[in-house]
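Each remark here refers to the structure printed beneath this line.
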Amino acid sequence: MRFSLPRSIGLIDKIFALIENNPRFHEGFGLCNTEVNLFFELPYTVSKSMAKKPKNVARKHRHWQRWLKLTLVAVFGFIILNLATNLAICWSINQQKPVEAILVLGGSIRREIYVANLAQQYPDIPILISQGSEDPCILLLFERAKAPKTNVWLEKCADSTFGNFFFAVPILKQWGVHKVKVVTSPTHLPRAKWLAEIHLQSHGIAVEIDAVREIGIPGNNESKLKTGLDVTRSIIWAFVGQLISPPCWQVIPLNSVDLEAWRDEGFKCEYQGKIR
1 MRFSLPRSIG LIDKIFALIE NNPRFHEGFG LCNTEVNLFF ELPYTVSKSM AKKPKNVARK
61 HRHWQRWLKL TLVAVFGFII LNLATNLAIC WSINQQKPVE AILVLGGSIR REIYVANLAQ
121 QYPDIPILIS QGSEDPCILL LFERAKAPKT NVWLEKCADS TFGNFFFAVP ILKQWGVHKV
181 KVVTSPTHLP RAKWLAEIHL QSHGIAVEID AVREIGIPGN NESKLKTGLD VTRSIIWAFV
241 GQLISPPCWQ VIPLNSVDLE AWRDEGFKCE YQGKIR
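With UniProt numbering applied, the sequence shown covers 1 to 276.
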């Protein structure tokens, strides 16, 4: 005999019907009609509620999908509006303003020698040196140039040109800077210039590039691949950065550098700095 699910279900229904209509069943078990009906209606009630559950789940799922879409549209709209405002309005206005801060991209001590002399001319302008030479080397350069050190900050989080701007932009925004001078080298162009324009101008900060001539073999090797990758991820970050400001917890004032402790520990500066 082959097993058939529909036949089995029909047989079970007949058995339940016979038992339900048998008066001896009521007498033997002492069940009232209400209890009997409840006993036989329970499976149907459960199956009915189970049938409703998928509909409720589907309705809730559609509800959350709708809210998720609205949230994504709102976030994307905010990013586009903010980016358009920064590029079309803030950046064009800030271009006419004077330089309010100096950002030095690490990679050559020549840049730090240059900015130490520049600090004499603009003592009130804050200077941010992004992952430059070792701290005591920069301190000695400023002391030799008799330049003020109270407005100079060392950012130690970046490990690339992309990282220079990644961490510098939130700091410059915190300072309320509208226009910044970026100190780099000719061999660092055009990558440094393009990244500066993408990162800074996307936040409405005007950029002025100051390329310091290097002597000897440059420390960085430029390539089309490196430039292409950095420009691509910078464009992506121009959108994401409208919502996120990555903090750097390693920003120290230059005048807090303990020179004696460094001398005990030992340090070495680039030969072009001529620091002994």
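We put the beta carbon where it would ideally sit given N, CA and C, even for glycine.
Item	Value
Would DSSP call proline 253 helix, strand or coil?	strand
Return the residue from the list Ala145, Leu105, Leu140, Arg144 that minimises the CA-CA distance to isoleucine 127.	Leu105
Taking contact to mean at least 3 C-beta pairs separated by less than 8 Å, is the segment 114-129 in contact with the segment 192-205?	no
Skipping 5 residues on each side, what residues in its chain have a beta carbon closer than 6 Å to that of alanine 145?	Ala116, Asn117
Considering only C-alpha positions, which residue in the set Pro98, Val73, Pro136 is nearest to leucine 259?	Pro136
Hey, which unbroken runs of the beta strand (DSSP E) at 3 residues or more fall wholly within the UniProt domain "DUF218" (100-199)?	101-105, 127-130, 152-155, 179-184
Can at least three beta-carbon pairs, one atom from the segment 208-217 and one from the segment 170-186, be found at a separation below 8 Å?	yes
Please tell me whether proline 253 and phenylalanine 167 are closer than 8 Å, where the distance is taken between their beta carbons.	no
Relative to the C-alpha of asparagine 151, which residue among Phe267, Gly204, Ala101 is closest?	Ala101
Distance check for threonine 187 and residue 314, CA to CA, integer angstroms please.	There is no way to answer for residue 314, as the model of the chain reaches only from 1 to 276.
Quick one: what does DSSP say serine 202 is sitting in, helix, strand or coil?	coil
Since valine 207 sits in a beta bridge, which residues does DSSP pair it with?	Val180
What is the DSSP secondary structure of isoleucine 80, reduced to helix, strand or coil?	helix
How about alanine 147 and serine 202: are their beta carbons less than 8 Å apart?	no
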